[in-house]
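Chemist:
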Amino acid sequence: VGSDQRGATATHRYCIVNPGEAPPLRRGDSILGQRQQALWMAIRSLGQFRATELAEAASTATLVIARETASGYVADLLRAGYLAIAGSAPERKQTLVYRLVRNSGPRAPTVLRAEKACFDLNLMRVVNVTAPVTVGRAA
4 VGSDQRGATA THRYCIVNPG EAPPLRRGDS ILGQRQQALW MAIRSLGQFR ATELAEAAST
64 ATLVIARETA SGYVADLLRA GYLAIAGSAP ERKQTLVYRL VRNSGPRAPT VLRAEKACFD
124 LNLMRVVNVT APVTVGRAA
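Quick look at the structure:
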């Protein structure tokens with residue numbers, strides 16, 4: 004806000020040119036973001052998977068992802084509506100098969116567990132992860 008010679012006030016409007024990045028996952032924890040990105044790329048390439056298959060597909064020589072890590076990320080994405088339960092594996096009835104139903108883009112949705120939210124870097128918005136999981140078959 005500024006004023007001209009007659010005492011009138013001028014109003015300036017600003018807009019965001021670069022929307023920036025998502026909020027930090029946790030201070031000093033960049034490996035979590037790498038794991039989520041690796042898992043998201045594997046989810047997008049597999050389309051339909053079990054948590055064990057996902058952990059194997061996302062792991063590399065320098066970044067090993069445990070089945071428990073993959074299961075946690077899958078559960079969060081399921082609640083956020085990115086995944087659906089496609090069924091159970093024929094050889095093991097308790098092993099669920101998941102399917103990608105919301106492919107928002109190449110950047111991994113960032114799960115913020117403390118905030119109970121998921122920030123989608125492709126849409127640049129927060130998605131709720133506290134919704135109840137709907138069990139059913141994906142189309």
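Numbering (our numbering), first residue to last: 4 to 142. Where is the CB? At the ideal position from N, CA and C, for every residue including glycine. Given the structure is predicted, the values throughout are model-derived calculations rather than measurements.
Might you give, ordered along the chain, the residues of its own chain that have their beta carbon closer than 7 Å to the beta carbon of Gln39, omitting 5 neighbours on each side?
Modeler: Along the sequence shown, one-based indexing puts residue 39 at 36. Within the same chain, Gln39 has close Cβ partners Tyr76, Ala111, Thr113 and Val114.
Chemist: Might you give, ordered along the chain, the residues of its own chain that have their beta carbon closer than 8 Å to the beta carbon of Arg128, omitting 5 neighbours on each side?
Modeler: On the sequence shown, residue 128 is found 125 positions in, with the first residue counted as 1. For Arg128, where only same-chain residues beyond five positions count, the Cβ hits under 8 Å are Phe122.
Chemist: What three-state label does DSSP hand Leu28 in the structure shown?
Modeler: By one-based count along the sequence shown, residue 28 stands at place 25. In this predicted model, Leu28 has a pLDDT of only 49, less than 50, meaning its place in the structure is not dependable; the value taken from the coordinates is given anyway. The answer is coil: DSSP assigns Leu28 none of H, G, I, E or B.
Chemist: Just list the alpha helix (DSSP H) runs in the region 50 to 98, keeping only unbroken ones of 4 residues or longer that don't cross its boundaries, in chain order.
Modeler: Correct list: 54 to 61 and 70 to 83.
Chemist: Quick check: the region 75 to 93 against the region 44 to 58, are there 3 or more CB pairs under 8 Å?
Modeler: Result yes; three or more Cβ-Cβ pairs closer than 8 Å.
Chemist: Using three-state DSSP, classify Phe122 as helix, strand or coil.
Modeler: Here residue 122 refers to the residue found at position 119 of the sequence shown. Here Phe122 sits in strand by DSSP.
Chemist: Would you call Leu28 buried or exposed, if buried means 16 or more other Cβ atoms sit within 10 Å of its Cβ?
Modeler: Translated into the one-based positions of the sequence shown, residue 28 becomes position 25. Bear in mind that a pLDDT of 49 at Leu28, under 50, signals an unreliable position, so the number given afterwards is only what the model happens to contain. Leu28 comes out buried.
Chemist: From what residue to what residue does the beta strand (DSSP E) around Val104 run?
Modeler: As a position in the sequence shown, residue 104 is number 101, starting the count at 1. Run containing Val104: none; DSSP gives neither H nor E here.
Chemist: Report the CB separation of Ala90 from Val100 in whole angstroms; it is logged as a contact under 8 Å.
Modeler: Working through the sequence shown from its first residue, we reach residue 90 at position 87. Working through the sequence shown from its first residue, we reach residue 100 at position 97. Correcting the residue identity first, residue 90 is Gly in this sequence and not Ala. That pair is a contact at about 5 Å.
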